[in-house]
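All the letters of the sequence shown, read from the start, carry residue numbers 1 to 97 under full-length UniProt numbering. All C-beta atoms, glycine included, are put in the ideal place defined by N, C-alpha and C.
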Amino acid sequence: MNKIYINPHDPLAIITAAFQDSLIEDDPSILQAALKSYADQIGMSSLIKESGIKSRSSAYKSLASSGSPKWETIVKIAHSIIQIARACHQIVKNVIL
């Protein structure tokens with residue numbers, strides 16, 4: 001699995017593109033890799049807290065290339081990543097202004 005750079009200011013576009021690629025290629029690991037890259041950047045603890053996922057191991061297993069997570073878990077993770085990235089962007093924007 002290749003690590004990709006993700007622009008933290010546009011997580012929705014990246015996650016959407018990864019989802020589309022996963023569908024086209026019939027390969028869920030594409031979406032998992034995009035989500036994992038974000039999770040590594042923002043920290044798994046923050047992601048778990050924001051998403052409400054019950055256990056750390058569940059989050060890690062969901063994002064592992066060998067994992068087969070529930071759709072609900074993927075949606076929670078994606079939503080949390082977008083919310084955290086937007087909040088960080090807003091903080092930076094407020095500091096600059």
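Using the rule of at least 16 other Cβ atoms within 10 Å of the residue's Cβ for burial, across every protein chain shown, is residue i buried or exposed?
i: Q32; result: buried
i: I53; result: buried
i: L23; result: exposed
i: I48; result: buried
i: S51; result: buried
i: S37; result: buried
i: A34; result: buried
i: A18; result: buried
i: I91; result: exposed
Which same chain residues, not among the five before or five after residue i, have their C-beta less than 6 angstroms away from its C-beta?
i: S62; result: P69, T73
Beta-carbon separation of residue i and residue j under 8 angstroms?
i: S58; j: S29; result: no
i: I42; j: I84; result: yes
The region 77-85 contacting the region 10-23, beta-carbon criterion three pairs below 8 angstroms: A contact between stretches requires three or more CB pairs, one per stretch, nearer than 8 angstroms, and the region 77-85 meets this requirement with the region 10-23.
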